[in-house]
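The opening residue of the sequence shown carries number 0 in numbering that gives the first Met the number 0; numbering runs sequentially from there. See below for the structure under consideration.
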Amino acid sequence: MFDSDLWPLGWPKVRGYPVTESKFSYCGMGEHVSGRDLADCHARACIYSGMDYGGSNAEVMKGSWEFQVGPTLGIKAADDFADAAPGWAFDGSSTGQATTDNSDTTLKPAAVYRDPFRADPHVLVLCEVYLGGGGKPASTNHRNFCNELCEIHKAEEPWFGLEQEYTMLDNDGWGLGWPKGGGFPAVKYEFSYCGVGAKYIAGRDVSEAHVKACLFAGLDFEGTNAEVMFACWEWQVGTTLGIKAPDDLWMSRYIMNRIGEDYGVDITYHPKPFGHLHPGIGMHHNFSTKRMRSDGGYDFILECIKRLEKNHMKHMPHYGIDEAGNRMRLSGKFETSPYDKFSWGIANRKASIRLQRNIKKKGKGFMEDRRPGGDCDPYQVCGLLMETCLGRTAYTGGGGKKKCH
Numbered sequence: 000m001f002d003s004d005l006w007p008l009g010w011p012k013v014r015g016y017p018v019t020e021s022k023f024s025y026c027g028m029g030e031h032v033s034g035r036d037l038a039d040c041h042a043r044a045c046i047y048s049g050m051d052y053g054g055s056n057a058e059v060m061k062g063s064w065e066f067q068v069g070p071t072l073g074i075k076a077a078d079d080f081a082d083a084a085p086g087w088a089f090d091g092s093s094t095g096q097a098t099t100d101n102s103d104t105t106l107k108p109a110a111v112y113r114d115p116f117r118a119d120p121h122v123l124v125l126c127e128v129y130l131g132g133g134g135k136p137a138s139t140n141h142r143n144f145c146n147e148l149c150e151i152h153k154a155e156e157p158w159f160g161l162e163q164e165y166t167m168l169d170n171d172g173w174g175l176g177w178p179k180g181g182g183f184p185a186v187k188y189e190f191s192y193c194g195v196g197a198k199y200i201a202g203r204d205v206s207e208a209h210v211k212a213c214l215f216a217g218l219d220f221e222g223t224n225a226e227v228m229f230a231c232w233e234w235q236v237g238t239t240l241g242i243k244a245p246d247d248l249w250m251s252r253y254i255m256n257r258i259g260e261d262y263g264v265d266i267t268y269h270p271k272p273f274g275h276l277h278p279g280i281g282m283h284h285n286f287s288t289k290r291m292r293s294d295g296g297y298d299f300i301l302e303c304i305k306r307l308e309k310n311h312m313k314h315m316p317h318y319g320i321d322e323a324g325n326r327m328r329l330s331g332k333f334e335t336s337p338y339d340k341f342s343w344g345i346a347n348r349k350a351s352i353r354l355q356r357n358i359k360k361k362g363k364g365f366m367e368d369r370r371p372g373g374d375c376d377p378y379q380v381c382g383l384l385m386e387t388c389l390g391r392t393a394y395t396g397g398g399g400k401k402k403c404h
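In structure tokens, the structure reads:
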């Protein structure tokens, strides 16, 4: 596609792109895609949204990409239709998941949602990625790991509630609404957090569109709010049982990136988009089990905290795609704990694990893990929480279909 001056649509004028990261545009989304309004005018029945979180470029959000499948499939948005949806082959070399000489890769449907962009009867299909003929999960397929643990611990009824922070950028990579060039030398954060008014808030129209789209899609969407940094927001999914919370979170990211396209806004989940002088971007994980929620569960919560402390440095490399960015975020400032020091506390937002004040009083409840960066893979984090707190036993099943929900 070309502009009226015959320059490629969306390309930087005069010099263009000196280096093309083709895997970011192939079946891509977000501000890295141009011309979708023309391409999408053809009738479609479902969009397959794949998972790839193996790359180091958190800004590009490789974790969300799509394939469009024709209308003859007749798939509907219902839990049991993930089993009915067919697998789909694609070029894994263009998404960084396979080599060119062995590029055939397979999408296995895992969950189906209503499509908020095309409306009924169209659907969005969340998929796992498998290599070759579909027998081996890709190294980036952490849903497989998480779902196995959900099945192992189904009797424990693991609940998750996820809080996704993010930052909106202009298409030049500058913070949405930020003064060009110099940024904010000092920000009165207390006015941006849950704030009102153009002086303190940017991007509310994007956030509101995201809320409506997620509710239409059928996600367990709990809410949204402006965060402490200008142009930074948060949404929450859950609390839900098992694999559904990370599934909903992943699909809500896809929906947010698609909405960003419509508004000309780039969405970043980078843990520290504006450096050490400004707050970072996290994704807090709220976690509980049946035993934690039962009378006397407080003692088990403390036992789990000790297990997490023992595995702290083992887990931290898996708590964000950009580990250096998450290390910068976890500085002990801006309501964070130090990266290399584990702590927990009641009502303490500078702790690794925070407990609400009434949990000790009631003697039961949940824990909030505040360590994961905004770009983390929720399947990895939820899986590690279950594995560490509940253990792991042999399991012969495999991923693909939604099971524990």
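No residue lacks a Cβ here, since even glycine has one placed at the ideal position from N, Cα and C.
Taking only three categories from DSSP, how would you classify residue i?
i      : result
TYR165 : strand
GLN235 : strand
SER342 : coil
TYR253 : helix
CYS381 : helix
LYS289 : helix
SER102 : coil
CYS149 : helix
VAL111 : strand
ASN412 : Since the first and last residues shown for the chain are 0 and 404, residue 412 lies out of range.
ALA42  : Confidence at ALA42 is low in this model, with a pLDDT of 35, below 50, so the placement of that residue is unreliable and no value is reported for it.
ASP265 : strand
MET60  : The predicted position of MET60 is uncertain, since its pLDDT is 33 and thus under 50; a value taken from the coordinates is nonetheless stated next. Note: MET60 maps to coil in three-state DSSP.
ALA216 : helix
GLU226 : coil
ASP374 : coil
CYS388 : helix
Return the chain-ordered list of same chain residues with a C-beta closer than 7 angstroms to the C-beta of residue i, the five sequence neighbours on each side being excluded.
i      : result
ALA230 : THR166, MET167, GLY174, LEU175, GLY176, TRP177, ALA201, GLY202
LEU248 : LEU161, GLN163, VAL236, PRO377
CYS213 : PHE220, SER251, ILE254
GLU233 : GLU162, GLN163, GLU164, THR223, ASN224, GLU226
Assuming the contact rule is C-beta atoms closer than 8 angstroms, residue i and residue j should be a hit. Round their C-beta distance to whole Å, please.
i      : j      : result
HIS314 : ILE258 : Rounded, the Cβ-Cβ distance is 32 angstroms, inconsistent with contact.
HIS269 : GLY344 : The pair is not a contact, with the Cβ atoms about 27 angstroms apart (cut-off 8 angstroms).
LYS107 : GLY86  : 5 angstroms
GLY319 : ASP374 : 6 angstroms
Taking 8 angstroms as the threshold (C-beta atoms), are residue j and residue i in contact?
i      : j      : result
ASN285 : THR335 : no
LYS340 : ASP294 : no
ASN143 : GLU127 : yes
THR288 : PRO120 : no
THR105 : ALA88  : yes
ARG113 : ALA197 : no
SER191 : TYR199 : yes
PHE299 : MET312 : no
ALA137 : ASP246 : no
GLN379 : HIS152 : no
TYR297 : LYS359 : yes
Residues in its own chain within less than 6 angstroms of residue i by CB, not counting five upstream and five downstream?
i      : result
LYS305 : none
ARG348 : GLU334
GLY194 : ILE200, ALA225
ALA350 : SER336, SER342, TRP343, GLY344
GLU367 : HIS283, ASN285, ARG353
Nearer than 7 angstroms: is that true of the beta carbon of residue i relative to any heavy atom of the ligand ZN?
i      : result
LEU307 : The ligand ZN is absent from the structure shown, which contains no ligands of any kind.
Decide yes or no for the touch test of the stretch 217 to 234 against the stretch 127 to 136: beta carbon pairs closer than 8 angstroms, at least 3 of them.
No: the two stretches stay apart, fewer than three of their Cβ pairs being nearer than 8 angstroms.
- Taking contact to mean at least 3 C-beta pairs separated by less than 8 angstroms, is the stretch 382 to 391 in contact with the stretch 148 to 156? Taking a cut-off of 8 angstroms on C-beta distances, the stretch 382 to 391 touches the stretch 148 to 156, as three or more cross pairs fall below it.
| request: Flag this pair as touching only if the stretch 271 to 283 and the stretch 323 to 338 have three or more C-beta atom pairs under 8 angstroms; answer yes or no. | output: Touching, yes, given that three or more Cβ pairs across the two stretches are closer than 8 angstroms.
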